[in-house]
């Protein structure tokens, strides 16, 4: 059971308790509710301790012969409101954590696929296109996760550089013309990504000064 479900269960139990008139049954139910905080405390820390104290206070109210119904319901409403706050916070944190995990898993899968393709002794422009498409997909995925989680989760710059470096090395080994490769990268990855991540020294070492001049002209680099 996740934390959001557990918080919801406690809220429902409190709602049922507040509608009962038998003090003995109510106190017994309150003890059951308190046990839920054993797990809840692991997630929300001090908030759980504070709420557990308030639940104990409910039992004390019921034990007093002159306990008023209004006081009991006021206390119950206070706890339910705090539980709702915790539920909202933990649900958001859970969503962010899920996005982080998804990002890491997809990144690992992407890097594994690129490495496996790069190990091939033979390839063509189609393999270059496939690697570029996979790179574009992982970049877009991380952009999407950033929007969904309201937390900046960009694809690390080092990963982008590694991807382009790997593609350039493959193009060299597979004897693919630089112009053909660069045009496809420009179309699939876009100017901004290439401008930020391509290493001119590597291009010069592999393809020569003309290739560097083409990149500078196309990307507006000095």
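Numbering (the numbering used here), first residue to last: 1009 to 1230.
Quick reminder that beta carbons are idealized off the backbone N, C-alpha and C, glycines included.
Note that the structure is a prediction, hence the values are computed from the model and not measured.
- As for any alpha helix (DSSP H) of minimum length 4 sitting wholly inside the segment 1166 to 1207, the runs are 1186 to 1197, 1199 to 1205, ordered along the chain.
- Bounds of any alpha helix (DSSP H) do not take in residue 1160, whose DSSP letter is neither H nor E.
- Sorting 1143, 1114, 1178 by C-alpha distance to the C-alpha of residue 1130 places 1178 at the top.
- With a beta-carbon spacing of about 7 angstroms, residue 1133 and residue 1192 fall inside the 8 angstroms limit used to define contacts.
- The Cβ atoms of residue 1194 and residue 1202 lie closer than 8 angstroms to each other.
- With fewer than 16 neighbouring CB atoms inside 10 Å of its own CB, residue 1109 falls in the exposed class.
- Assignment of residue 1111 by DSSP, reduced to helix, strand and coil, places it in the helix class.
- Rounded to whole angstroms, the gap between the alpha carbons of residue 1137 and residue 1114 is 19 angstroms.
- If you compare the alpha carbons of 1228, 1121, 1225 with that of residue 1174, the shortest gap goes to 1121.
- With a contact defined as Cβ atoms closer than 8 angstroms, residue 1141 and residue 1176 miss out at about 16 angstroms.
- A buried status is given to residue 1146, since no fewer than 16 other beta-carbon atoms sit within 10 Å of its beta-carbon.
- Shown here, residue 1118 sits in a helix according to DSSP, grouped into three states.
- Of all alpha-carbon atoms in 1171, 1215, 1156, 1172, the one lying nearest the alpha-carbon of residue 1185 is that of 1215.
- Secondary structure at residue 1152: helix, using DSSP grouped into helix, strand and coil.
- By the Cβ-count criterion, residue 1157 is buried, with 16 or more other Cβ atoms from all chains shown falling within 10 Å of its own Cβ.
- Contact check for residue 1164 against residue 1154 fails: the beta carbons are separated by 8 angstroms or more.
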